[in-house]
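Numbering (the working numbering), first residue to last: 1 to 805.
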């Protein structure tokens, strides 16, 4: 296991590589705003892994810290602040985000849940790479973490050639550089342990050559790689090719708008399916529409999880939770699809399955992937609907008709009333429902007004029989209560809205209705051919304890409107012209200018509100994250340096043997002087190093004697035949502490802070990190020509030359 401080450079390389591995998400998101989340994941995992090793945590402790940090930083990446809602968002993104990004159409909007994905990829790459840094037996092995993260991200992202080339270049260069750094440090340790010497110039030349090779590979990889043989032989593997898109019922056209096309002459006599049943049901529901959005009636709520309302089922269906179906009439029916998918000459391909009532059980030789709405009883077969030739047996229960049950005393559970936004609809509803008691009387009033007072017109080119049930079309439909003209689409849509306006639980049903007057003639024994002309629409109202009861609200089809209604005449009535608008007031020039300025300011404010009312601007978030991340990284790095220095000092002060404690006292002084710019090399003794410091004016004359005495103690502890005792260790640390105190007193507050977070001493070899003294230079394992990074370098170099002479 390597010393943690030796892994600062390799850990930085692994962090950058893990961040690069997450860049591929640019192919699925609309912009680069996911980068802060990836940076948090890469940096956070590295810091956690490094801190765990520095603090010598056990494996269970390290795993616990990693899990906690993963959750906390994941919540920060998702929403910026680790609030309870942020943790919920993080969990949702971690569990469902992968499937959602695969099923979404790129470029997808970067939601809080989606930010979890690049964070997780970068975190896993850094965490695995950081753990592999524990061992340097195989240099470059830690690159497997970022490379694995890249491989995983390729499964869920889309290829952007420029980004892919940049990723390849960075990861190849990073892997080579990581292997080079680890191999070089491993060689240095072997050289020191074998008591060998390597000329610094030769090592420097080898390092430069290796870095040149790495740079050439990084530059040439994106240029040469795409031109290699077989580079374009295969398309990139994409999981989306194997992804079955989830069923979204709102993507299907509402069947209510297809009623008119089915009633035209081209489709009217086309057999859509056949029915075989001894029970002879007369109503077959295709889809139940229980939501209206001012444009159309839909099978699901647009504001909710529409796909979640239609859940996969097998062959047995759950009954309604209110238990009302227990009193309904059971029927058994065999249905064979004939031409259901061409109701409108090929324009209509419904996914809905015709049913004689609420399904209880279904059986078919075909493999059916069914979706069932347990609230409405609607059954779907996505993605293409029932094919011609499909045969299935249905056991169902049928609600009673209005002639089979007395609804006069039945109660209803009211819902929040629907707002009739059109004045014509509000006026018509007021006229129809005035004085009617809640429940049956209101439904009967609506049915009577439409059935008895309306006219039927489904002609293809008729102006009064136009299709559509938008709010404007329905307002036009009831604009003249004496002349209501339309067909099933308008009548059912209007009846559903009128019932909803007084809080009645009502919904629209599209299906096939066999005329009571023609039932016996249509059945051939137990077999019935259902044709497109049987298509219609009605409403259902829920009564307490009884269930959903169907109501036919369309007048007979033979009641067609006349071109000119008898008993009505038209005459022109003079209408006075409206008075002219008053002239605008004349304002003084100053007031006029002020008004213009105020208006402009109000317009600007309104524009600002429109542009920013949805939340904090993305630019502000990106700026905040871009500013805060470097600050967090710098502060975190500084704290990490302080912790590592403190732990090393404690380890030196409490070494197991007095000789090692004496060596630790000397090493501590060397570290403090290295913070001032003095760094020892490998061919000078401790005494020579101390004399060099004194000659370079880095030590006060009074402290020079103490420094030389401490150097002598260190040499004695390392080379004297008799080992040092506890008293010698205490004396050495007393001298070390005195020297360090003098160094601190000579510095200002800012200089002390800067030296406290200076990481350079962490890169010096620590002889106490191995079990035996290393090298001929005693306990420091360091020494050679004194080098300084400060202004005294020339003077110190000359001094050391004199000392060597």
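For each residue, glycine too, the CB sits at the ideal point set by N, CA and C. These figures come from a predicted structure and were not determined experimentally.
Would you kindly work out how many angstroms separate the C-alpha atoms of residue i and residue j, rounded to a whole number?
i	j	result
residue 609	residue 111	Model confidence at residue 609 stands at a pLDDT of 46, short of 50, so the residue's coordinates are unreliable and nothing is read from them.
residue 323	residue 405	17 Å
residue 462	residue 557	15 Å
residue 529	residue 121	58 Å
residue 512	residue 96	40 Å
residue 761	residue 82	36 Å
residue 772	residue 657	Residue placement at residue 772 is poorly supported in this model, since its pLDDT is 41, which falls under 50; the coordinates are not used for a value here.
residue 71	residue 29	23 Å
residue 73	residue 125	15 Å
residue 350	residue 297	16 Å
residue 48	residue 66	6 Å
residue 175	residue 731	48 Å
residue 425	residue 474	8 Å
residue 355	residue 286	7 Å
residue 179	residue 128	16 Å
residue 531	residue 100	41 Å
Please state whether DSSP places residue i in a helix, a strand or coil.
i	result
residue 267	helix
residue 538	strand
residue 472	helix
residue 496	helix
residue 55	coil
residue 108	strand
residue 609	Low per-residue confidence applies at residue 609: pLDDT is 46, beneath 50, and the placement is therefore not dependable enough to give any value.
residue 96	helix
residue 883	Nothing about residue 883 can be reported from this structure: the residues present for the chain run from 1 to 805 only.
residue 486	strand
residue 32	coil
residue 302	coil
residue 249	helix
residue 438	coil
residue 311	strand
residue 692	helix
residue 386	coil
residue 419	coil
residue 402	coil
Between the options, which lies nearest to residue i when the distance is taken from Cα to Cα?
i	options	result
residue 295	551, 471, 24	471
residue 338	273, 370, 726, 484	273
residue 706	687, 719, 724	687
residue 674	723, 730, 740, 704	740
residue 391	269, 335, 314, 266	335
residue 497	533, 464, 553, 514	553
residue 663	729, 708, 709	729
residue 482	291, 43, 432	432
residue 721	737, 263, 727, 659	659
residue 725	477, 655, 668	655
residue 678	692, 666, 685	692
For residue i, count neighbouring C-beta atoms within 10 Å of its own C-beta (all shown protein chains included) and say buried if the count is 16 or more, exposed if not.
i	result
residue 712	exposed
residue 61	exposed
residue 56	exposed
residue 413	exposed
residue 397	buried
residue 754	exposed
residue 535	buried
residue 744	exposed
residue 525	exposed
residue 780	Reliability fails at residue 780, whose pLDDT of 38 lies under 50, so the model's placement of it is uncertain and the value that follows must be treated cautiously. Classification for residue 780: buried.
residue 251	exposed
residue 63	exposed
residue 448	exposed
residue 538	buried
residue 371	buried
Could you check where the beta strand (DSSP E) with residue i kicks off and where it finishes?
i	result
residue 397	391-398
residue 425	Where residue 425 is concerned, there is no enclosing beta strand (DSSP E), although the alpha helix (DSSP H) it sits in stretches over 423-433.
residue 553	Unbroken run through residue 553: none, as it is neither H nor E.
residue 19	First-last for residue 19: 8-21, but that is the alpha helix (DSSP H), not the beta strand (DSSP E).
residue 361	358-363
residue 82	Neither: residue 82 is in no beta strand (DSSP E) and is coded neither H nor E.
residue 288	283-289
Considering residue i, what are the terminal residues of the alpha helix (DSSP H) in which it resides?
i	result
residue 146	144-156
residue 729	726-745
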